[in-house]
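Letter by letter, the sequence shown follows residues 339 to 882 of our numbering.
In this text, a Cβ means the ideal position worked out from N, Cα and C, and glycines have one as well.
Small disclaimer: the values here were computed from a predicted structure and weren't measured.
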Amino acid sequence: MNNGIFHIPAPVNEPVLGYGPGSPERTALKKEIERLRATQLDIPLVIGGKEVRTGKTAPIRRPDAHGEVLGVYHLAGEAEARMAIEAALAAKAEWAALPWEERAAVFLRAAELISVRHRALMDASTMLCQSKTAHQAEIDAVCEVTDFLRFNPLYMEQIYAQQPENTKGEWNRSAYRPLEGFVYAVTPFNFTSIASNLPSAPAMMGNTVVWKPASNAVYSNYMLMKIYMEAGLPAGVINFLPGSGGLISNAVLSSPDFAGFHFTGSTEVFRSLWKQIASNLERYRVYPRIVGETGGKDFILIDPSADLHSTVAGVLRGAFEYQGQKCSAASRLYIPASRAKEFTEALAEEISAIPMGEITDFRNFMGAVIDETAFDTIRGYIERAKAGGHARIVAGGTCDKTRGWFVEPTLILTEDPHSESMVNEIFGPVLTAYVYDDRDMEAAYRLVDSTSPYGLTGAIMATDRQRINRALIALQNAAGNLYINDKPTGAVVGRQPFGGARASGTNDKAGSYLNLLRWVSAVAIKESFAPPSSWRYPFMTGND
Ligand code: NAD
339 MNNGIFHIPA PVNEPVLGYG PGSPERTALK KEIERLRATQ LDIPLVIGGK
389 EVRTGKTAPI RRPDAHGEVL GVYHLAGEAE ARMAIEAALA AKAEWAALPW
439 EERAAVFLRA AELISVRHRA LMDASTMLCQ SKTAHQAEID AVCEVTDFLR
489 FNPLYMEQIY AQQPENTKGE WNRSAYRPLE GFVYAVTPFN FTSIASNLPS
539 APAMMGNTVV WKPASNAVYS NYMLMKIYME AGLPAGVINF LPGSGGLISN
589 AVLSSPDFAG FHFTGSTEVF RSLWKQIASN LERYRVYPRI VGETGGKDFI
639 LIDPSADLHS TVAGVLRGAF EYQGQKCSAA SRLYIPASRA KEFTEALAEE
689 ISAIPMGEIT DFRNFMGAVI DETAFDTIRG YIERAKAGGH ARIVAGGTCD
739 KTRGWFVEPT LILTEDPHSE SMVNEIFGPV LTAYVYDDRD MEAAYRLVDS
789 TSPYGLTGAI MATDRQRINR ALIALQNAAG NLYINDKPTG AVVGRQPFGG
839 ARASGTNDKA GSYLNLLRWV SAVAIKESFA PPSSWRYPFM TGND
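In structure tokens form, the structure reads like this:
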């Protein structure tokens with residue numbers, strides 16, 4: 339039934355609950371954590387709406403208590419990837435033909451289910467599986483997930499409303515078809531919200547999707563998959579395929595029906611998959627859309643005019659929340675020489691006060707890093723900085739993997755602005771600071787702009803308006819998301835559309851209509867109401 343011009347309910351950002359002592363949400367969350375810990379899950383693939391168990395399994399461990407296993411998940415191989423492609427193609431025609439508001443309703447219902455009935459489940463599973471505190475899980479697995487699910491339908495409506503001009507006797511229409519084929523979504527471990535958005539955004543626009551979640555996030559991502567189904571997502575629209583990225587990608591990227599790639603993860607993996615797509619180009623029926631949000635080496639530039647206390651708070655939250663495992667996390671810090679002592683001392687004092695431990699203890703600000711590989715990589719950076727001679731550890735620096743993958747929040751002060759920890763993405767709780775000569779701000783801006791190949795997020799801490807303006811101009815290409823007097827993390831759907839350029843991605847701005855535009859292929863339809871009845875033009879009637 340579509341005899342009406344329907345409008346999506348005006349979305350508002352989901353309120354962030356506090357989880358303070360004695361609050362009902364805290365009681366419910368603690369109960370849910372214990373329920374999940376007492377249960378062992380056997381997580382299947384979901385292909386064409388059916389659970390598939392391959393018998394090849396891997397355990398799901400808590401990063402902050404790696405002896406504790408939450409269950410196992412089944413791994414897909416190339417055969418299951420081909421099954422998922424078939425299921426996606428089989429579901430396509432009916433799903434694409436469904437009126438857009440019916441497709442929107444599925445995701446709006448999913449948002450409501452997460453906001454109310456499954457709030458504690460989404461928070462608890464993300465906490466246990468990805469080692470997030472209650473607050474970090476809440477802003478990700480509940481608030482950002484539901485924001486994407488409620489704002490994207492509005493952007494869909496706005497895109498469909500874009501229509502061309504008409505003149506007398508004709509009607510021009512734009513229809514926004516889904517891509518011809520299926521979309522491949524590959525998601526990272528660090529945000530349940532990204533795991534939700536990458537398959538659901540193309541699906542909302544009428545596409546069907548093969549979704550490969552990150553191995554370290556299968557647990558919370560499976561909860562999402564079940565909620566989509568509970569919300570009424572038809573079988574085959576999104577197919578859930580945990581397993582080896584390499585194996586699954588080989589099958590997916592060699593299919594002639596591959597039409598779009600929605601990726602978030604490391605720059606290295608994105609580049610290698612883009613090359614694989616390029617080498618298969620002749621096989622495909624369409625030029626695939628490629629959207630990738632990748633790594634970052636995000637900066638905070640402290641101007642000499644910065645306020646001490648709010649800057650220190652912004653640096654701590656920006657660098658160490660979720661153990662620095664946000665693509666937007668601050669990992670290089672520029673301190674003006676004229677205020678170096680005061681900032682370095684304040685940061686060292688505050689960082690050493692950060693509580694870290696199991697996320698089930700709500701007093702902790704930080705949990706563990708995601709796995710042993712990440713732990714070893716991060717420790718390597720800290721050890722090399724200690725041994726290098728050009729740097730000293732101002733705070734933290736200790737790593738302990740006895741019970742969980744714990745890395746202390748660490749501040750390295752370096753004399754070399756191009757040292758490896760100033761340039762490379764570490765993806766852990768390691769912040770490297772460099773003291774710059776603030777008598778030459780233009781040189782400082784050039785240094786911030788050119789130090790790393792990335793361009794994701796950055797923050798300018800300053801109170802002087804002229805200097806803020808100069809920094810904004812000088813650093814306009816250094817980040818896709820720039821913050822003034824705020825931490826460089828925590829972008830909110832609808833308010834700070836997210837994405838970076840340079841080596842950080844295609845900058846297609848998740849959380850805005852720009853991302854959704856990539857999942858449609860417009861067709862222009864012209865209808866003539868009074869078509870000419872002769873092929874002859876008036877100028878041909880004589881030759882005088
Ligand atoms: P990752 O690149 O290791 O993995 C991302 C996904 O790719 C996972 O699903 C993984 O299984 C898959 N994958 C890995 N190797 C593959 C291969 N050879 N073929 C096919 N798939 C493969 O990244 P991660 O560790 O999950 O996430 C951290 C990275 O993601 C960081 O670099 C971070 O900056 C980035 N990230 C970026 C954004 C952003 O918006 N720019 C957001 C979140 C994370």
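How close, in whole Å, do the beta carbons of residue i and residue j come, if the pair is a contact with beta carbons under 8 Å?
i: GLN496; j: ARG511; result: GLN496 to ARG511, Cβ: 16 Å. No contact.
i: ASN490; j: LEU854; result: 6 Å
i: GLU418; j: VAL454; result: With a Cβ gap of about 34 Å, GLU418 and VAL454 do not count as contacting.
i: GLY633; j: THR605; result: 4 Å
i: CYS467; j: TYR411; result: Actually they do not touch by this definition, with Cβ atoms about 11 Å apart.
i: VAL547; j: ILE576; result: 5 Å
i: ALA892; j: PRO516; result: Outside the shown range of the chain, which is 339 to 882, sits residue 892, and nothing can be said about it.
i: VAL773; j: PRO401; result: Contact doesn't hold; Cβ gap of about 34 Å is too wide.
i: TYR514; j: TYR498; result: 6 Å
i: THR789; j: VAL761; result: 6 Å
i: ILE381; j: TYR560; result: 5 Å
i: TRP857; j: ASN545; result: 6 Å
i: TRP743; j: HIS404; result: 7 Å
i: PHE608; j: GLY581; result: With 8 Å as the limit, PHE608 and GLY581 do not qualify as a contact, their Cβ atoms being about 19 Å apart.
i: PHE529; j: ASP478; result: 5 Å
i: ASP595; j: ILE423; result: 7 Å
i: VAL831; j: GLU450; result: Contact doesn't hold; Cβ gap of about 16 Å is too wide.
i: ALA771; j: LEU671; result: 4 Å
i: THR748; j: ILE731; result: 6 Å
i: ALA589; j: ARG833; result: Actually they do not touch by this definition, with Cβ atoms about 39 Å apart.
What does the Cβ neighbour count give for residue i, buried or exposed, with the cut at 16 atoms within 10 Å?
i: VAL407; result: exposed
i: LYS864; result: exposed
i: ARG701; result: exposed
i: ALA691; result: exposed
i: GLY570; result: exposed
i: GLY360; result: exposed
i: GLY598; result: buried
i: ASN819; result: buried
i: ARG627; result: buried
i: LEU810; result: exposed
i: SER669; result: buried
i: LEU794; result: buried
i: PRO353; result: exposed
i: GLY873; result: Note that residue 873 is Trp in the sequence shown here, rather than Gly. By the neighbour-count rule (16 or more Cβ atoms within 10 Å), TRP873 is not buried but exposed.
i: ASN845; result: buried
i: SER369; result: Reading the sequence as shown, one finds Lys at residue 369 and not Ser. Under this definition LYS369 is an exposed residue.
i: PRO349; result: buried
Quick check: is any heavy atom of ligand 2 less than 7 Å from the C-beta of residue i?
i: PRO551; result: Because ligand 2 does not appear in the structure shown, any question about it cannot be addressed here, the ligands present being ligand 1.
Using a Cβ-Cβ distance cut-off of 8 Å, determine whether residue i contacts chain C.
i: SER669; result: Among the protein chains of the structure shown there is no chain C, as only one such chain exists.
Taking Cβ to Cβ, would you say residue i is nearer than 8 Å to residue j?
i: ALA841; j: TYR792; result: yes
i: ALA458; j: LEU367; result: yes
i: PRO826; j: LEU785; result: no
i: PHE527; j: ALA552; result: yes
i: THR392; j: ALA414; result: yes
i: ALA712; j: GLY766; result: yes
i: LEU562; j: SER534; result: yes
i: MET799; j: ILE638; result: yes
i: MET465; j: ILE697; result: yes
i: LYS506; j: TYR660; result: no
i: GLY849; j: ALA829; result: yes
i: GLY574; j: ALA426; result: yes
i: SER643; j: ARG805; result: yes
i: SER592; j: PHE445; result: no
i: LEU379; j: GLY409; result: yes
i: SER676; j: ASP776; result: yes
i: GLY387; j: ALA428; result: no
Let me check one thing: in DSSP terms, what residues is residue i bridge-paired to?
i: ARG777; result: In DSSP, ARG777 forms no bridge with anything.
i: PRO397; result: VAL410
i: ALA513; result: VAL861
i: ASP738; result: PHE744
i: TRP549; result: ALA523, PHE578
i: GLU352; result: DSSP lists no partner for GLU352.
i: ILE385; result: LYS388
i: TYR583; result: The displayed chain sequence assigns Gly, not Tyr, to residue 583. None, per the DSSP bridge assignment.
i: LEU749; result: ALA733, LEU769
i: ARG627; result: GLY598
i: ARG670; result: PHE637, THR770
i: LEU820; result: GLY796
i: GLY843; result: GLU631
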